[in-house]
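Contents: one structure, followed by commentary.
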Amino acid sequence: MITLSSLHNVLVGGLIGAAVLTTVSFRLRAMLRAYALSAICLALLSVSVGLRQGLEDPFAFAVATMLLKVIAIPAFLYSLARHTGAPLRLQSFVRAATTLFVAGLLGAITFFVSSRTASYVPSSIPPSFLTIAIYLILLGFTMMILRRDILSQMIGFLTLENGISMISVITVGSLPLFIEVGVFSAVAMSTIVMSHLFRRIQEAYGAPDSSLLRELVE
Numbered sequence: 671m672i673t674l675s676s677l678h679n680v681l682v683g684g685l686i687g688a689a690v691l692t693t694v695s696f697r698l699r700a701m702l703r704a705y706a707l708s709a710i711c712l713a714l715l716s717v718s719v720g721l722r723q724g725l726e727d728p729f730a731f732a733v734a735t736m737l738l739k740v741i742a743i744p745a746f747l748y749s750l751a752r753h754t755g756a757p758l759r760l761q762s763f764v765r766a767a768t769t770l771f772v773a774g775l776l777g778a779i780t781f782f783v784s785s786r787t788a789s790y791v792p793s794s795i796p797p798s799f800l801t802i803a804i805y806l807i808l809l810g811f812t813m814m815i816l817r818r819d820i821l822s823q824m825i826g827f828l829t830l831e832n833g834i835s836m837i838s839v840i841t842v843g844s845l846p847l848f849i850e851v852g853v854f855s856a857v858a859m860s861t862i863v864m865s866h867l868f869r870r871i872q873e874a875y876g877a878p879d880s881s882l883l884r885e886l887v888e
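Its first residue numbered 671, the sequence shown is counted upward by one per residue in the numbering used here.
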């Protein structure tokens, strides 16, 4: 029989795997699929945590996550790339093997630091969950640094936001409705603003390469 604890472990493992796949993917379709998978794991994790804590409505956050992060954002970003003629092969400052090594190194550092500070975490919060949330934040931040194209950097930002969402899930369990609406509205608006930047760079330079912004123009 599957217990909530074992389900938590499976979902956390899926969240890690999907986040790493997102980081090392160099095809837009594959990256969006990996991001959607990580969002599915996050949504299911929020439901399992809500059931474990006996919340009245553990499904609101999960439904909003599925609609926005699994369906709307991936479809929007893929459509944006197709309509602007952006290459579906993504760019990076480093090779895939180097990216995977950095992801593994970040994981080792995160788990080492978390094991040293586990005694400071409240007993109501599983230390491993908080570790994974911090790891997601670091992965997303690293992805924003190592990738050259705007689309990858956008997904890196969204991966970072998944880590922040996971922290809210495991520490609060369920946020008030108006706060949840505000959080998801901020994610949606951030995606729209970054997509506008993507369009402007694509139109100006013919490629969604953020490194081109380092050049001075008159």
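Ideal placement from N, C-alpha and C gives every residue a C-beta, glycine not left out.
By the DSSP assignment, the alpha helix (DSSP H) with residue i in it spans what residues?
i	result
P744	743-754
M701	698-722
F763	Note, F763: premise wrong, no alpha helix (DSSP H); not H, not E.
V733	730-735
Can you tell me whether residue i is buried or exposed? The criterion is at least 16 other CB atoms within 10 Å of its CB, across all chains shown.
i	result
R817	buried
L886	Bear in mind that the predicted position of L886 carries a pLDDT of just 48, short of 50, making it too unreliable to give a figure here.
I741	exposed
G683	exposed
V733	exposed
V719	buried
S835	buried
G774	exposed
A856	exposed
A745	exposed
A874	exposed
Which residues in the same chain have their Cβ closer than 8 Å to the Cβ of residue i, if we skip the five residues on either side of it in sequence?
i	result
I862	none
V772	V764, T812, L816
T829	A689, T692, T693, Y705, S708, L806, L809, G810, M813
Are the CB atoms of residue j and residue i within a distance shorter than 7 Å?
i	j	result
G826	Y805	no
S865	L737	no
A803	I779	no
L714	L681	yes
L702	Y748	yes
Less than 7 Å between C-beta atoms, sequence neighbours within five positions excluded: which residues of the same chain meet that for residue i?
i	result
A906	This structure does not reach residue 906, given that the chain is present from 671 up to 888, and the question cannot be answered.
T754	R869, Q872
L770	V694
C711	L681, G684, L685, A688
F854	A734, L738
With a CB to CB cut of under 6 Å and the five nearest residues on each side skipped, what residues in its chain are close to residue i?
i	result
L758	L698
Q823	M814, R817
S860	none
I believe residue i touches residue j by the beta-carbon criterion, under 8 Å. Please report the beta-carbon distance rounded to the nearest angstrom.
i	j	result
F781	T768	Contact flag wrong, Cβ pair sits at about 21 Å.
L760	L821	7 Å
I743	F799	That belief does not hold up - the Cβ atoms of I743 and F799 are roughly 24 Å apart, past 8 Å.
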